[in-house]
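To start, the structure under review is shown below, and the notes come after it.
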Amino acid sequence: MREAIGMEALKTKGRKIWLVVAVMMGVQMLWAGWAISNKDANDLVQGWLFFLYQFPMLNCIIMPVIAAVVASRLCEVEHKGQTFKLLETIVPANRIFDAKFIWGSIYMFGAALGQVAIMIGMGLMLHFGGPVPWGALGGYLFFTLAVSLTIYAFQQVVSMLFANQMVPMTLGLVGGFIGLFSMFFPQGFQKFILWSYYGVLMQIGMNWDQNTRAIDFYWTAIDWSGFVLLFVFFGLIYGIGRILFVRREV
Amino acid sequence: MSNVIETAGLSKEYGNVYRVKDVDLLVPEGAIYGFLGPNGAGKSTTLKMVLGLAKPTAGEISVFGKRVNSKNRLENLKNVGSLIESPSYYGHLTGAENLQIFQTLRGVPKNNIDEVLKIVRLDNQKHKKVSQYSLGMKQRLGLASALLGYPKLLILDEPTNGLDPAGIQEMRELIQSLPQKFGMTVVVSSHLLSEIDQLATRVGIIREGELVYQDSLMKLHQYSQQHLAVRTMNNEVTKSFLSQNGVAWEAQDDYLIIPQMKDSMMAEISKVLGQNNIGLVRIEERKKSLEDIFLELTGTAVSL
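These protein sequence lines are chains C and D, in that order. In terms of UniProt numbering, the first sequence opens at residue 1 and continues consecutively. In terms of UniProt numbering, the second sequence opens at residue 1 and continues consecutively.
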């Protein structure tokens, strides 16, 4: 398995996949900078909560795009060079699938970690109120990664099964938009949409006073039932996708 | 001589159509086995089933005397190199990097990379990106990938596809050298009769999924030996006359096909027939070309 993962690394040489992650992180940082720029000192007291609320919302569109592009870039080389028919005479198909998932996960982890770094960096720079909420940021990293890896698994399955990468890319973008708009729907409904789980597993709630037009953020309990459901989604997507990949004929 | 590949009743059905039907492939050790057939005859599907890339609908496959199943497939394939349909490669990587991937996954020594690059004469191009390779170079890289572990069995599916005449010649010479140099058994498929004729020692001809011929190439050539076709005014009496004199014959339309013989003997037959008032009206020399035989067996033109 170690060799297979190592070879995934070699296959990405010159593919500039980290650049995609970096660009998306840049977009997220610019957005965060813009969003916080009009906040006064009173607002910044709730700076950490503001970020922990806003970042997951933006992730509904950012992370699915990263997942779609990364999965597509990793799988495209195999389709283009028709390498599956050779690889599958050397290593078991399920190992190819697993190695690719593990390697792709590193990019997703990098993106999630990058977001946490942006939050901490900006929080310290702008002197947000209170100490750095390490626990909440750890929770953010964990849940963001859980949702992102599930979405990435979905993207990898589609990217591996379809030679035409327009299919997974379109699905990724459409999924992202559905996830974003699902925020307007009840949470019960959101739980049926994979891309909306960034919102489902948010640790922060928001009150908006219509009269004063003031926004107040507060800590909420984590929706563990949603997390369990996400875990089930992951198992199904990964398990079924892997079986489909192994059973298909090249 | 033992068989490196043996299949029994190998079949593959797509929808309700058999792409491969009851194929009993026998590839002897040390042979260059030419797997010949028109496009779409089922060559690639058969080879993919041998490699486990396609699942047979029915039948058995044995490689190196061991029956192949999903559990021991990869273990069996450790001694098999393959190039199916077109070369597999990562265009954005160099030739050497491509081979490094397959060498690492195969778990064979790193030195093999330079050795196989030398064998396929790509050692001077190994640091060039494969996307910049010509088709012939990509095919040679594909062959290098297949050779990496110095397998005992090499399966090459249409290795000269898309190559120019010089490339075809080069690939042919390479393939021909492998059994002698490395003791490999080679299975090479093609839709070109001339190619298999120049390359193979044993041949299997597949038509619409069915194996219609399998034997040595020499035997196939025997079918193409010269014959005489004679036509007389009374072929029936001539038949008994020929039989009495130990001359084999075969009736074909209005002609009797007899083996090639000395002029003196033919003159004698002609004389005796005349003495018996049987007019000899035609004596023709006929030769069945290999193409004719292929056409008879496959029902299609020689090169499609």
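Don't be surprised by glycine CBs; every beta carbon is placed ideally from N, CA and C.
- With contacts defined as CB atoms closer than 7 Å, residue 91 of chain D and residue 134 of chain D fail to qualify as a contacting pair.
- Taking the Cα positions, residue 67 of chain C is about 46 Å away from residue 34 of chain D.
- Cβ-Cβ distances below 6 Å link residue 127 of chain D to 94 in the same chain, with the five nearest sequence neighbours on each side left out; the list follows chain order.
- Leaving aside the five residues that flank residue 118 of chain C on each side, the residues in its chain whose CB is nearer than 8 Å to its CB run, in chain order, 25, 28, 29, 32.
- Its chain contains 249 as the residues whose beta carbon lies nearer than 6 Å to that of residue 242 of chain D, once the 5 sequence neighbours on both sides are disregarded; these appear in chain order.
- For the stretch 119 to 158 of chain D, the continuous alpha helix (DSSP H) assignments of 4+ residues that do not extend past its boundaries occur at 135 to 147, in sequence order.
- Residue 89 of chain C belongs to the set of residues whose beta carbon lies under 7 Å from a beta carbon in chain D.
- Just so you know, the alpha carbons of residue 164 of chain D and residue 88 of chain D end up roughly 20 Å apart.
- The three-state secondary structure of residue 119 of chain C, taken from DSSP, is helix.
- Residue 276 of chain D counts as exposed, since fewer than 16 other beta carbons sit within 10 angstroms of its beta carbon.
- A direct Cα-to-Cα measurement between residue 150 of chain C and residue 122 of chain C gives close to 28 Å.
- For the stretch 129 to 144 of chain C, the beta-carbon criterion of a distance under 9 Å to any beta-carbon of chain D is satisfied by none of its residues.
- The DSSP-derived three-state label of residue 14 of chain C is coil.
- Among the CB atoms of chain D, one or more fall inside 7 Å of the CB of residue 3 of chain C.
- In this structure, residue 203 of chain C keeps its C-beta atom at 7 Å or more from the C-beta atom of residue 129 of chain C.
- For secondary structure counted as the alpha helix (DSSP H) over 4 or more consecutive residues, the stretch 184 to 212 of chain D holds these complete runs in sequence order: 193 to 199.
- Check the Cα spacing between residue 64 of chain D and each of D/73, D/56, D/57, D/20: the tightest is with D/73.
- The C-alpha of residue 73 of chain C is placed about 12 Å away from the C-alpha of residue 163 of chain C.
- Close to residue 54 of chain C, with beta-carbon spacing below 8 Å, lies no residue of chain D; the smallest spacing is near 37 Å.
- For residue 8 of chain C, not one C-beta of chain D is nearer than 7 Å to its own C-beta.
- The stretch 135 to 148 of chain D and the stretch 114 to 121 of chain D touch, with no fewer than 3 CB-CB distances between them shorter than 8 Å.
- Close to chain C, meaning a Cβ-Cβ distance shorter than 8 Å, is no residue of the stretch 5 to 23 of chain D at all.
- If you draw a straight line from the Cα of residue 102 of chain D to the Cα of residue 166 of chain C, it is about 28 Å long.
- For residue 85 of chain C, the chain D residues whose Cβ falls inside 7 Å of its Cβ are 53, 84, 88, in order along the chain.
- For the stretch 137 to 148 of chain D, the beta-carbon criterion of a distance under 7 Å to any beta-carbon of chain C is satisfied by 145.
- For residue 79 of chain C, the uninterrupted alpha helix (DSSP H) run begins and ends at 47 to 80, by DSSP.
- The criterion of a C-beta distance shorter than 7 Å is not satisfied by residue 201 of chain D and residue 5 of chain D.
- Its chain contains 143, 146, 201 as the residues whose beta carbon lies nearer than 8 Å to that of residue 227 of chain C, once the 5 sequence neighbours on both sides are disregarded; these appear in chain order.
- Residue pairing from DSSP places residue 227 of chain D in a beta bridge opposite D/259, D/286.
- Taking the CA atoms as reference points, residue 238 of chain D sits about 16 Å from residue 261 of chain D.
- Annotation for residue 166 of chain C: the continuous alpha helix (DSSP H) segment containing it runs 166 to 181.
- As computed with DSSP, residue 232 of chain C is found in no beta bridge at all.
- About 14 Å separates the CB atoms of residue 50 of chain C and residue 115 of chain C; that is not less than 8 Å, and the two are not in contact.
- Assigned with DSSP and collapsed to three states, residue 114 of chain D falls in helix.
- C/77 is the residue among C/41, C/19, C/77 whose C-alpha sits nearest the C-alpha of residue 8 of chain C.
- Of the candidates C/84, C/156, C/141, C/242, the residue whose Cα lies closest to the Cα of residue 103 of chain C is C/156.
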